[in-house]
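Engineer: Below: one structure in structure tokens.
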Amino acid sequence: MKKRSVVNASVNGKKVLVRCDFNVPFLESGEIADDRRITGAIPTINLLLAQGAKVILCSHLGRPHGKKDPKLSLKKVSFCLSRHIGKLVRITGDTAGKIAKSFVDNLQNGEICLLENLRFEIGEEENDFDFARKLSSFADIYVNDAFGTCHREHASIVSVPKILPSYCGILVQREIDAMSKAVDEPERPFVSILGGAKVSDKIDLIKNLMEKVDVFIIGGGMAYTFMNALGYSVGDSICERDKLSLARDIMAEAKDKGIKFLLPVDNRIGREYKPYTESQTVDSDKIPEGWQGLDIGMRTSEMFSEEIKNAGTVIWNGPMGVSEWENFSHGTFAVARALAEGEAVSIVGGGDSAAAVAKLGFAQKMTHISTGGGASLMFFEGRELPGISALSNEKEDEDVPAFLK
Ligand code: AMP
């Protein structure tokens, strides 16, 4: 069911609470490392300001678990946002207390403020209805533009829209549209590249995609469980021995369905799980005891790149190795490069894969880079995101029962 969009909301003179996902990474120097989650919210913010709304932004940052931690203040986010929109975004001193209330009460049409970190209040993560009610009392309507948090059942995501008339933000709409189109009407061949640490984290994803894709490309730590299931010894590589029979079933099902299932043919292996450990490249059937696979090898990168270049649609979730470490990041970068050089519709599922694309400066070459790793994973598993389900459907009545206000 299509959700009511902020684009069609009448907001002039109204207080609008916008849930954003400003949970951005920071460098050791304290600077914001990647501001795509902040810039992603700008279309919704600009639309609301232009229409004379009183805009109240809110977000979480990090995991303070209900404690006020100055290191996790949203102050730097407010500076960054102010620079981008060319307008002062003042930050309230508390989240939903007296200071925030006085800020909100004094907002004029076309003005904007940012509430302090939602997770400074324990009620946010506990989905406490009283906390949701407090937040809701600040506003007339609610907009969810926090795609990266839509998989969480937190107060500002699922309970506030039960209280206030709710709308879908532009970023959330773009994410859903791009990913739905890729999965429901893919240009073929449809390739899914899966990596990351564990098979167990991606089982539901594989099961759902099994009904849709033409090719699975498997890299990263999870490849070693599949390789071991085929009878290769994988040394000290990360391998889930309790998932070997599941891995065999997955490969058998793919074969039955005529789906190509590509595993690494060579690997960059290390002596220890350390960034500068002694390393070498070996074929997949020659991983010695006492060594572990930390990246795909050069021949595998070429094989995967070839497949990506011939693809019509590619969805990518998870790195091909320990891409945080330069010595084991080549496979992940090779995949990012192949996607950038190819013609395929390319959907990158957030997290390490998105970081690799951004680091190489290929962001503009992708069809869509999701701002939510966990949320996009849930979407591709075919599950409904709680934050989206909670929003009002198109044509729904705006009236809110008085007892809820
Ligand atoms: P995920 O969150 O499941 O996408 O996993 C991402 C994590 O997988 C990253 O932190 C990588 O360092 C890790 N990873 C990828 N390949 C390997 C590998 N071969 N061995 C150990 N960890 C890996």
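2 is the number of the first residue of the sequence shown in the numbering used here; add one for each residue after it. Yeah, the Cβ is synthetic: ideal placement off N, Cα and C, and Gly gets one too.
1. Does the distance from the CB of ASN145 to the CB of VAL173 come in under 8 Å?
2. Considering only heavy atoms of ligand 1, does any lie closer than 7 Å to the CB of GLU279?
3. Is ASP202 near ligand 1 - that is, is its Cβ less than 7 Å away from at least one heavy atom of it?
4. Could you tell me which residues DSSP pairs with VAL283 in its beta bridges?
5. For THR40, which three-state DSSP category applies?
6. If I'm right that GLY294 touches ASN268 with Cβ under 8 Å, what's the distance once you round it to whole angstroms?
7. Can you give me the Cβ contacts of THR96 inside the same chain, cut-off strictly under 7 Å, excluding the 5 residues immediately before and after it?
8. Near ALA183, what residues of its chain come up, given a Cβ to Cβ distance below 7 Å and the 5 sequence neighbours on each side ignored?
9. Within 8 Å, do at least three Cβ pairs link the segment 319 to 329 to the segment 290 to 304?
10. Does the contact criterion of 3 or more C-beta pairs under 8 Å hold for the segment 153 to 171 versus the segment 2 to 12?
11. Taking the C-alpha atoms as reference points, what is the distance between GLU32 and ILE43?
12. Within the segment 101 to 144, note down every full alpha helix (DSSP H) run reaching 4 residues or more, in order along the chain.
13. At which residues does the beta strand (DSSP E) containing LYS208 begin and terminate?
14. When burial is assigned at 16 or more other CB atoms within 10 Å of the CB, is ASP178 buried or exposed?
15. Using 8 Å as the cut-off, can you tell me whether the segment 124 to 139 makes contact with the segment 78 to 93, which would need three or more C-beta pairs spanning the two stretches below that distance?
16. Quick check for students: name the residue ranges of the alpha helix (DSSP H) that lie wholly in the segment 212 to 236, counting only runs of 4 or more.
17. Alpha carbon to alpha carbon, how far is LEU50 from SER60?
18. Looking at GLY298 and ligand 1, is the gap between the Cβ and the nearest heavy atom below 7 Å?
19. DSSP three-state label for LYS76, please.
Structural biologist: From the atom records:
1. yes
2. no
3. yes
4. ASN268
5. helix
6. 4 Å
7. LEU116, GLU117, ASN118, LEU119, PHE121 and GLU122
8. THR314, ILE316, VAL346 and ILE348
9. yes
10. yes
11. 20 Å
12. 123 to 126 and 130 to 137
13. Counting along the chain, LYS208 falls outside any beta strand (DSSP E), though it belongs to the alpha helix (DSSP H) covering 204 to 211.
14. exposed
15. no
16. 224 to 230
17. 18 Å
18. no
19. helix
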